[in-house]
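Asks: Here you go, one structure.
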Amino acid sequence: MERLVRTLTGDVTPEALGRILIHEHLCVDWGEMLGRPKAVDFDYGEMVERMVSKMEALHQAGIGAMVECTPIGCGRYVDLFKDVARRSPVKIIASTGFFHESWCPIHPIAQALDIDAITDLFIREVTEGMGDTLIKAGMIKCATGEGRISPKEEQILRAAARAHKATGCPIITHTTNGMGLEQLDIFQSEGVSPQELIVSHIGFEEDPLDYSERMLRRGANVSFDRIGMHIFYDDDHWVNVVGNAIRKGYIHQVMLSHDAAVFAYGLEETSDEDVFDDYTYIPRVFLPKLQKEAGLTDEQISVILEDNPQRVLAFGLTT
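As numbered in the working numbering, residues 490 to 808 make up the sequence shown, in order.
Encoded structure:
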């Protein structure tokens, strides 16, 4: 069976994607996560133009694809994403899944469904279409909060594992300053190995070098992201963390991203953060710095941005 990547504009060979950013967003809606009805208070056509312009700049910077990691109930406007994807030179992979409940209430659909029904929902969104559309997801997103994994978050992780086993669709997880190792334990208890997972936001823990090494020793694919968001860390932090992973021999498990968004409604009022929308920062600024300061070769950069994400995003599609 041929292994393909499921994008918003159709299934493609992984090699056709080129360089990939593994954890990005087109938009996030904190209002939706916090329980208010959707208020789409932007001009649709203008928003498509803004997003397409960002994708064109990203393509000019040498990136061929990105994973749009916005799950159900977080501003996942599937029709908007598809209209952007039709005009974008960058291929976009969309996500099913749910967010955690530390920062906002768990989505009412996730709250209402048991583990079997959540599993069925994820499978349907991968094989038939997201929401009431016929546009299929190419990624399963799940998340845990800070300091603990709640019972419902654990259900969602287990449902993601079961949907992955049923479809082959890859899983990407959100971590909040830790709990990645605990995520791996849950997935392994469901028969999903760390090598099949992408764990995001690694590098924010109290001892990021030790923690990232522990994740990598387990075999997980890790996403070092929020690069360029200097409200968190400057580039030297990421040069140190990424460079350490490469020196320790884990290059085939490392991926990079920004966690950027064109817009994020409610972000400033919920977190005092500004929206980071520079999708070109990694290829334009960070990669030259990483090569100069950590000594990475062009071939190693290709492994991180091409070989690794192409491998984990591809699965044996049957529908």
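Ideal Cβ positions, reconstructed from N, Cα and C, are used throughout, including at glycine.
Assign aspartate 699 to one of two classes, buried (16 or more other C-beta atoms within 10 Å of its C-beta) or exposed (fewer than that).
Replies: Aspartate 699 comes out exposed.
Asks: Determine the direct distance from the alpha carbon of threonine 585 to that of threonine 769, and round the result to whole angstroms.
Replies: So the alpha carbons of these two residues sit roughly 25 Å apart.
Asks: Are the Cβ atoms of proline 659 and valine 801 separated by less than 8 Å?
Replies: Yes, they are a contact pair.
Asks: How about glutamate 642 and glycine 634: do their beta carbons lie closer than 8 Å?
Replies: Yes, the Cβ-Cβ distance between glutamate 642 and glycine 634 is below 8 Å.
Asks: Who are the near neighbours of arginine 495 in its chain, counting only those whose CB is closer than 6 Å to its CB and skipping five residues on each side?
Replies: The answer, listed in chain order, is Lys625, Gly627.
Asks: For the stretch 491-506 and the stretch 531-543, state whether three or more C-beta atom pairs, one from each stretch, are separated by less than 8 Å.
Replies: Short answer: they don't touch.
Asks: Just the Cα atoms here: how many angstroms apart are threonine 498 and aspartate 748?
Replies: In a straight line, the C-alpha of threonine 498 is about 22 Å away from that of aspartate 748.
Asks: In angstroms with no decimal places, state the Cα-to-Cα distance between histidine 512 and phenylalanine 713.
Replies: If I take the Cα positions, the gap works out to 9 Å.
Asks: Applying the criterion that 16 or more other CB atoms from any shown protein chain within 10 Å of the CB defines a buried residue, is tyrosine 566 buried or exposed?
Replies: Buried, because 16 or more other Cβ atoms sit within 10 Å of the Cβ of tyrosine 566.
Asks: Determine, using beta-carbon pairs with one atom in the stretch 590-597 and one in the stretch 548-558, whether at least three such pairs fall under 8 Å.
Replies: No contact exists between the stretch 590-597 and the stretch 548-558.
Asks: Helix, strand or coil for glutamate 695, going by three-state DSSP, please let me know.
Replies: Looking at glutamate 695 - three-state DSSP - the assignment turns out to be coil, as it is neither helix nor strand.
Asks: Isoleucine 675 to isoleucine 638, Cα distance in whole Å?
Replies: When rounded, the distance between both Cα atoms is 10 Å.
Asks: Tell me which residues share the same chain as cysteine 631 and place their Cβ nearer than 6 Å to its Cβ, disregarding the 5 neighbours each side in the sequence.
Replies: Correct list, in chain order: Gly586, Ile645, Leu646, Ala649, Thr662.
Asks: Ends of the beta strand (DSSP E) at glutamate 557?
Replies: Looking at the DSSP string, the run of the beta strand (DSSP E) that includes glutamate 557 is 554-557.
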